[in-house]
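Those protein sequence lines, which keep their order, are chains A and B. Residues in the first sequence are numbered consecutively from 5, following this note's numbering. Residues in the second sequence are numbered consecutively from 2, following this note's numbering. Ideal Cβ placement from N, Cα and C applies to all residues, glycine included. To start, the structure itself, in structure tokens.
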Amino acid sequence: MLDAGGLGSHLGEPDLRFEPQAVGEGLMAASIDRAEALLEYLRVQVGIPALATIGPAARAFDALASTAPAIREVVTMGKILWEVRRDIWDTVVVDAAPTGQIGSYLRAARTIRELLATGRILEQVEWMEEILTDPAVTRLVLVTLLEELPAVETAETVTWVEGEALVGDITVVANRSLPRLEARVPKGDGPVTEAAALHHALWEEQQEWLETVAADATLPYLFGTHTPTEVAERLADWFEDDLR
Amino acid sequence: MTGRAQEGTRAVVVTGAGGVGKTTISAALAVAAARAGRRTLVLTVDPARRLTTALGIEMSNEPEPHPDAPNLWGAMLDATASWHEVVRRHADPEVAERLIDNQFFDAATSHFPASQSFAAAEEAATYLDARAWDLVVVDTPPAAGGIEFFTAPASMSDLVGGRVLRWLTGARLPGRRFLFNRTAKPMLRLADQVLGSNLLEQIAEFFMDLRTTYDGVSKRARQIERHMRRATTLVVTTSDPGPMAETLRFFRALPEVASPPAAVVFNRTLPESWIDAEVPADTPAALATNLERWAEESRMQRAARRELGERHGVPIVTVPWRQHPPTDLEALADLADVEGLRRIWEES
Chain A
5 MLDAGGLGSH LGEPDLRFEP QAVGEGLMAA SIDRAEALLE YLRVQVGIPA LATIGPAARA
65 FDALASTAPA IREVVTMGKI LWEVRRDIWD TVVVDAAPTG QIGSYLRAAR TIRELLATGR
125 ILEQVEWMEE ILTDPAVTRL VLVTLLEELP AVETAETVTW VEGEALVGDI TVVANRSLPR
185 LEARVPKGDG PVTEAAALHH ALWEEQQEWL ETVAADATLP YLFGTHTPTE VAERLADWFE
245 DDLR
Chain B
2 MTGRAQEGTR AVVVTGAGGV GKTTISAALA VAAARAGRRT LVLTVDPARR LTTALGIEMS
62 NEPEPHPDAP NLWGAMLDAT ASWHEVVRRH ADPEVAERLI DNQFFDAATS HFPASQSFAA
122 AEEAATYLDA RAWDLVVVDT PPAAGGIEFF TAPASMSDLV GGRVLRWLTG ARLPGRRFLF
182 NRTAKPMLRL ADQVLGSNLL EQIAEFFMDL RTTYDGVSKR ARQIERHMRR ATTLVVTTSD
242 PGPMAETLRF FRALPEVASP PAAVVFNRTL PESWIDAEVP ADTPAALATN LERWAEESRM
302 QRAARRELGE RHGVPIVTVP WRQHPPTDLE ALADLADVEG LRRIWEES
């Protein structure tokens, strides 16, 4: 959604486009371009034929949309939820905004409803909210690190999203979680002791934040991993093992 | 000290990706500099509670002195408050109040690309102009690998006086009640249909008010850029793929306004001595495996440092991965007491 390059490099396809493309068996990927999403919205939802020149018009709209709360977010969310509503995919996975910003996206439809008295966009937000809040359809997955800032932000976001009843269901996933070291830290010095002491201290710290976020699942710390593709593949293997 | 004071306040800008410990490194540098007798202010963006506790300063939008530690001040960026100041400084009083009261003001100023970065740069420049400190350490918002902090002043004056706004509001500054010509602009007719005309009118009024700040904002942007060119830039990273990608991006896009980084600080560095370390024969399997894993991590870290050093010829500073985050001033000062960082807080 906001970091197409980041997602693309995990999938081995650095240049994701607005049009979905195959990146693996049964797996399509696309990036959301706000200008294109807006044009698609106008064409599909409002019924306005393709505009001849999108450049200045899209930029102007973007300037307007940056000013009014929720307009920009509702365009992005509209595209995502439209892909759900079309019913051509089994699952739509969205690499969404960082936890600190997700609230304005999830709440965009409701903000629009509160802000606008007229306007075609009002007609759209109702079905958007329906999809978002249906637990059989939508699940928010909050991924966190087991460190103070992300953990506190995640816990606060869960409370807020639940309080506002913005999505059907929430799952918290703790990433880069260290395995427990099944041995005492030996006496003396040297690399074996140092590595054990560091691991143990970091593990203990992580347990504290694990409790703060009340994680539903953990993903392992991948030692020495290099490329984004490797990371994605190793985590996918881990999911497979875990599901078996 | 006297020599430095005559040169005016110096700035260290600490930049880098989110989550790498930038704020902690900034605080550590400030504590070390203050202990060395330099009147030091650290401007942070979003400090963790534990770090604030370790620093021992009640952070607010105004610089607060440390209750016990001499020479140390801390302030926290409040982007909304900064924006209010920007508007009050650059618009007529009446227009400024109208802008601040406008229901779109907060949404707009938190939404504009680079808005938080601009607020941070503006606030840092204000403290540098105050000449009340020998050193101001600036922790930057973690946007676009830290590049945005440097490009924000220019983007902001582009936005306030730029093509889009002119296109919307007409070539010259129009009178209050003049709204842009909807019939001449199909896109605006369309926006009207989609959003409802009431909203569009309010936004248009907001933009026209904002445009009146153009002269002030663009002049200020140039002042801020002058400060940036004189500042010492430090890039903080870890050797993890995400932060590394952002660090490399920073070097690729190194904007003209930034001085070349004085160093790249690799936070959470593991000892190189763990790589290929001899494991005593009687070591329990769990501990041997543990060292093996961390040694692999250490090897990856070393490769990342080498790659960056070779590619960009920048000095590399390593800050060891500590078992516990710093909990007091002592631990913070200790963090900055490493080869390569000492030079920064002693001489910058």
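Any C-beta of chain A sitting closer than 8 Å to the C-beta of B:His325? In the second sequence, the residue the question calls residue 325 of chain B occupies position 324. Interface residue, yes.
Sub-8 Å separation of B:Thr141 and B:Val315 beta-carbons: Here residue 141 of chain B corresponds to residue number 140 of the second sequence, with the count starting at 1. Here residue 315 of chain B corresponds to residue number 314 of the second sequence, with the count starting at 1. No, the pair does not count as a contact, with Cβ atoms beyond the cut-off.
Local conformation of B:Leu30 per DSSP, three classes: The residue given as residue 30 of chain B occupies position 29 in the second sequence. In this structure, B:Leu30 counts as helix in the three-state DSSP scheme.
Length of the line joining the Cα atoms of B:Thr53 and A:Glu29: For the purposes of this step, residue 53 of chain B is taken as the residue at position 52 of the second sequence. For the purposes of this step, residue 29 of chain A is taken as the residue at position 25 of the first sequence. Spanning the two alpha carbons is a distance of roughly 49 Å.
Going by DSSP in three states, A:Val129 sits in which element: helix, strand or coil? For the purposes of this step, residue 129 of chain A is taken as residue 125 along the first sequence, with counting starting at 1. A:Val129 falls in the helix class under three-state DSSP.
Backbone CA spacing between B:Ser156 and B:Arg231 [nearest angstrom]: One-based indexing of the second sequence puts residue 156 of chain B at position 155. One-based indexing of the second sequence puts residue 231 of chain B at position 230. Approximately 20 Å between the Cα atoms of the pair.
Would the stretch 181-193 of chain A and the stretch 285-292 of chain B be scored as touching if the rule is three or more Cβ pairs under 8 Å? yes
Is the stretch 152-161 of chain A touching the stretch 98-110 of chain A in the sense that three or more CB pairs, one from each, lie closer than 8 Å? yes
Going by the CB atoms, is the gap between B:Leu136 and B:Thr41 shorter than 8 Å? Sequence index remark: in the second sequence, residue 41 of chain B carries index 40 (1-based). Sequence index remark: in the second sequence, residue 136 of chain B carries index 135 (1-based). Result yes, Cβ atoms of B:Thr41 and B:Leu136 sit closer than 8 Å.
Determine the DSSP secondary structure at A:Gln25, reduced to helix, strand or coil. Start at 1 with the first residue of the first sequence, and residue 25 of chain A comes out as number 21. Here A:Gln25 sits in strand by DSSP.
Pair within 8 Å by beta-carbon distance, B:Thr328 and B:Ala55: Counted from its first residue, the second sequence places residue 328 of chain B at position 327. Counted from its first residue, the second sequence places residue 55 of chain B at position 54. Yes, Cβ-Cβ distance for B:Thr328 and B:Ala55 is below 8 Å.
Can you check whether the C-beta of B:Pro285 is within less than 8 Å of a C-beta belonging to chain A? Residue numbering aside, residue 285 of chain B sits at position 284 when the second sequence is read from its first letter. Chain A, which has a Cβ nearer than 8 Å to the Cβ of B:Pro285, makes this yes.
Quick check on DSSP: helix, strand or coil for B:Asp350? Lying outside 2 to 349, the shown extent of chain B, residue 350 of chain B is not represented and no answer is given.
In angstroms, rounded to a whole number, what distance separates the CA positions of B:Pro175 and B:Ala92? Locating residue 175 of chain B in the second sequence gives position 174, where the first residue counts as 1. Locating residue 92 of chain B in the second sequence gives position 91, where the first residue counts as 1. Reliability fails at B:Pro175, whose pLDDT of 47 lies under 50, so the model's placement of it is uncertain and no value is given.
Compare the C-beta of B:Gly20 against all C-beta atoms of chain A and say whether one is closer than 8 Å. For the purposes of this step, residue 20 of chain B is taken as residue 19 along the second sequence, with counting starting at 1. Yes, its Cβ sits closer than 8 Å to a Cβ of chain A.
Quick check: does the Cβ of B:Asp140 come within less than 7 Å of any heavy atom belonging to the ligand GTP? The ligand GTP is not among the ligands present in this structure, which contains no ligands whatsoever.
Below 8 Å on the Cβ atoms is my guess for A:Tyr45 versus A:Thr80; work out the distance and round it to an integer in Å. As a first step, residue 45 of chain A must be located in the first sequence, where it is residue number 41. As a first step, residue 80 of chain A must be located in the first sequence, where it is residue number 76. A:Tyr45 to A:Thr80, Cβ: 10 Å. No contact.
Are B:Leu271 and B:Ser299 close, meaning C-beta to C-beta below 8 Å? Taking the first residue of the second sequence as position 1, residue 271 of chain B is located at position 270. Taking the first residue of the second sequence as position 1, residue 299 of chain B is located at position 298. Yes. Within cutoff.
Would you kindly work out how many angstroms separate the C-alpha atoms of A:Arg124 and B:Glu247, rounded to a whole number? Position 120 of the first sequence, counting from 1, holds the residue named residue 124 of chain A. Position 246 of the second sequence, counting from 1, holds the residue named residue 247 of chain B. Going by the C-alpha atoms only, they are around 40 Å apart.
Is there contact between the stretch 71-82 of chain B and the stretch 26-44 of chain B, where contact requires at least three CB pairs shorter than 8 Å? yes
Below 9 Å between beta carbons is the criterion; list the residues of the stretch 143-156 of chain A that meet it against any residue of chain B, in chain order. Leu149, Glu151, Glu152, Leu153, Pro154, Val156
Could you name the residues of chain B that A:Val217 contacts, counting a contact when the two beta carbons are closer than 8 Å? Numbered from its first residue, the first sequence carries residue 217 of chain A at position 213. Here the premise fails: no neighbours, minimum Cβ distance about 15 Å.
Is it buried or exposed, B:Arg11, if we count other Cβ atoms within 10 angstroms and call 16 or more buried? In the second sequence, counting from the first residue as 1, residue 11 of chain B sits at position 10. B:Arg11 is buried by the Cβ-count criterion.
If you follow the alpha helix (DSSP H) that B:Asp222 is part of, which residue opens it and which one closes it? Reading the second sequence from its first residue, position 221 is the one you call residue 222 of chain B. Before going on, a small fix: residue 222 of chain B reads as Ala here, not Asp. 215-231 is the span of the alpha helix (DSSP H), which, as asked, contains B:Ala222.
Is B:Val320 buried or exposed, if buried means 16 or more other CB atoms sit within 10 Å of its CB? Here residue 320 of chain B refers to the residue found at position 319 when the second sequence is read from its first residue. It is buried - the Cβ of B:Val320 has at least 16 other Cβ atoms within 10 Å.
Under 9 Å by beta carbon: chain B residues contacting A:Thr161: Locating residue 161 of chain A in the first sequence gives position 157, counting from the first residue. Under the 9 Å cutoff, chain B gives no residues; its nearest Cβ is about 15 Å from A:Thr161.
What number of angstroms, rounded off, separates the C-alpha of B:Gln117 from the C-alpha of B:Glu293? The sequence position of residue 117 of chain B within the second sequence is 116, counting from 1. The sequence position of residue 293 of chain B within the second sequence is 292, counting from 1. Near 42 Å, if we compare the C-alpha coordinates of B:Glu293 and B:Gln117.
Indicate the three-state DSSP secondary structure (helix, strand or coil) for A:Ala221 in the structure shown. What you label residue 221 of chain A is simply residue 217 of the first sequence in a count that begins at 1. Note: A:Ala221 maps to strand in three-state DSSP.
What does A:Leu202 touch in chain B if you count any residue whose Cβ is under 9 Å from its own? Residue numbering aside, residue 202 of chain A sits at position 198 when the first sequence is read from its first letter. Those within 9 Å of A:Leu202 in chain B are Leu271, Trp295, Trp322, Arg323, Gln324.
Where does B:Lys23 land, buried or exposed, given buried means 16+ other C-beta within 10 angstroms? In the second sequence, the residue the question calls residue 23 of chain B occupies position 22. Under this definition B:Lys23 is a buried residue.
Since A:Pro24 meets chain B, which of its residues come closer than 9 Å, beta carbon to beta carbon? Along the first sequence, read from residue 1 onward, the residue named residue 24 of chain A stands at position 20. Within chain B, no residue comes near A:Pro24; the closest Cβ sits about 25 Å away, beyond 9 Å.
Going by alpha carbons, who is nearest to B:Arg212 out of B:Gly162, B:Pro261, B:Asn62, B:Val237? As a first step, residue 212 of chain B must be located in the second sequence, where it is residue number 211. For the residues B:Gly162, B:Pro261, B:Asn62, B:Val237, the minimum Cα distance to B:Arg212 belongs to B:Gly162.
Check the Cβ of A:Val78 against every Cβ in chain B and list those closer than 7 Å, keeping chain order. Position 74 of the first sequence, counting from 1, holds the residue named residue 78 of chain A. Within chain B, no residue comes near A:Val78; the closest Cβ sits about 10 Å away, beyond 7 Å.
When you compare each of B:Glu95, B:Asn103, B:Val46, B:Pro242 to A:Thr231 by their alpha carbons, which one comes out closest? Position 227 of the first sequence, counted from the start, is the residue given in the question as residue 231 of chain A. Residue B:Pro242 is the option with its Cα nearest to A:Thr231.
Coarse secondary structure for B:Thr284, derived from DSSP in three states: Here residue 284 of chain B refers to the residue found at position 283 when the second sequence is read from its first residue. B:Thr284: coil per DSSP, three-state reduction.
Which complete alpha helix (DSSP H) runs does the stretch 273-331 of chain B hold, if anything under 4 residues is left out? 286-313
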